[in-house]
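Numbering of the sequence shown is given in my numbering, commencing with residue 1381 and proceeding in unit increments. Don't be surprised by glycine CBs; every beta carbon is placed ideally from N, CA and C. The structure appears right after this line, and notes come after that.
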Amino acid sequence: MKNILVTGGAGFIGSNFVHYVLNNTDYSVTVLDKLTYAGNRASLEGLPEDRFTFVEGDIADAAVVNPLVEATDAVVHYAAESHNDNSLNDPAPFLTTNVIGTYTLIEAARRTGTRFHHISTDEVYGDLELDDPARFTEETAYNPSSPYSSTKAASDLLVRAWVRSFGLQATISNCSNNYGPYQHVEKFIPRQITNVLLDMTPKLYGDGLNVRDWIHAEDHSSAVLAILERGTIGETYLIGADGERNNKEVVELILEQLGKPRDAYEHVVDRPGHDRRYAIDSSKLRTELGWLPAFSDFEQGLEATIAWYAENRDWWMPQKQATEAKYQLSNQ
């Protein structure tokens, strides 16, 4: 395996993976990205030109996808519409990208026999009660609760069916909530960080007790590379770093690390159908492939993330005004 096609490689998690691969292997990477609002060419600056190629295009367009898949050794499929709030306002793009786009890619990979890795989310499993000691495993039944998570569940099932019916050489990973560099400011952690950096009040949905299992994007990248290189075809691997924190704790920690009072935030209207708790059991990935997270300390990872946003205002400032204007319309 020498050449990897990364879909959605100008987005948050995809761009982190591209940097990780080019910094830690001798592979060449081609990125296919539609450059919607969540894709940013600036996230791919400084990469080695002899091993990196960028193609602007839609994963649902077979005329674009087919020749790229034919020319590569493996596809890592990150491209997705992924913001829950947007899926509640307009589900249509989520169906086109997450379902039709995935179908287009796996059909191309099936015809060419190309290795395929599908990136998914723990949100396909629904949520857990706050006092439930259980965690999601690879055997947990799907129970999505939003247009976003339901279309990701659909894409997972397509990949599974293509493995069984057509022998697609594929693996799947479902990951917990990511944080780190290059994440759009509409997302929870970068929104709160950039609010504080601009002397704006951080926002907390509802009571703020919703729990997420946080993982640094670099750890997600290392896990995906391990699955791509050593994972068993047809298997699903859950990726997590034991980073359970509720949203209130995260906001207070951001404020504290930026030298502000821990209670200097505002409660806003909760998101409809807001899942209460996600938690990942990643023991299969750790046992079978020997993977371990580098950022096992969430506070340390968050401190590094805050530093990145403080040092890279030119990257996120163009997004900020439009993002906050959108949230104001829904009192969030």
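Selection Glu1636, Leu1448, Leu1424 evaluated against Ile1486 yields Leu1448 as nearest (Cα-Cα). The criterion of a C-beta distance shorter than 9 Å is not satisfied by Leu1475 and Pro1513. Counting the other Cβ atoms within 10 Å of the Cβ of Ser1553 gives 16 or more, which makes it buried. By DSSP's assignment, Val1455 forms a beta bridge with Leu1385, Phe1496. Between Val1504 and Ala1472, the C-beta gap is not smaller than 9 Å, which leaves the two residues out of contact. Thr1410: member of the beta strand (DSSP E) spanning 1408 to 1413, first to last residue. Proximity of the segment 1530 to 1549 to the segment 1480 to 1496 meets the contact definition, three or more beta-carbon pairs being nearer than 8 Å. Within the segment 1534 to 1594, complete beta strand (DSSP E) segments of at least 3 residues are found at 1550 to 1555, 1583 to 1585, 1591 to 1593, given in chain order. Just measuring C-alpha positions, the residue of Ala1422, Asp1413, Met1381 sitting nearest Pro1698 is Ala1422. Nearest neighbour of Glu1519 by Cα position, chosen from Ser1395, Pro1673, Ile1660, Val1649, turns out to be Ile1660. Secondary structure note for Glu1632: its alpha helix (DSSP H) is the uninterrupted segment 1627 to 1637.
Taking 9 Å as the cut-off, the Cβ atoms of Thr1501 and Ser1467 do not count as close. The beta carbon of Ala1606 is closer than 8 Å to those of Leu1665, Leu1669, Gly1670, Trp1671 in its chain, skipping five residues each way along the sequence. If you look at His1654, you'll find it isn't in any alpha helix (DSSP H); DSSP assigns it neither H nor E. Judged by pairs of C-beta atoms under 8 Å, the segment 1423 to 1436 does not touch the segment 1606 to 1619, as fewer than three such pairs exist. Annotation for Thr1581: Glu1646 place their beta carbon closer than 6 Å to its own, counting only its chain and skipping 5 residues before and after.
In this chain, Tyr1617 is not harboured by any alpha helix (DSSP H); it is covered by the beta strand (DSSP E) spanning 1616 to 1619.
Between Gly1611 and Thr1551, the beta carbon gap of about 4 Å places them in contact (Cβ cut-off 8 Å). At the C-beta level, Phe1678 and Gly1623 come within 9 Å of one another. For the 9 Å CB-CB criterion, Thr1433 and Ala1459 do not form a contact. The three-state secondary structure of Glu1683, taken from DSSP, is helix. Within the DSSP secondary-structure output, Phe1516 pairs in a beta bridge with Ile1660. For Glu1436, DSSP records a beta bridge to Asp1413.
Under the DSSP assignment, Glu1646 falls in the beta strand (DSSP E) whose first and last residues are 1646 to 1648.
Assigned with DSSP and collapsed to three states, Glu1509 falls in coil, not helix or strand.
Taken through DSSP and simplified to helix, strand or coil, Thr1405 comes out as coil.
Following the DSSP letters along the chain, one finds Val1444 inside the alpha helix (DSSP H) bounded by residues 1442 to 1450. Taking Gly1389 as reference, the option from Lys1382, Thr1416, Met1381, Asn1404 with the minimal CA-CA separation is Thr1416. Counting the other CB atoms within 10 Å of its CB gives Gly1493 a total below 16, which places it among the exposed residues.
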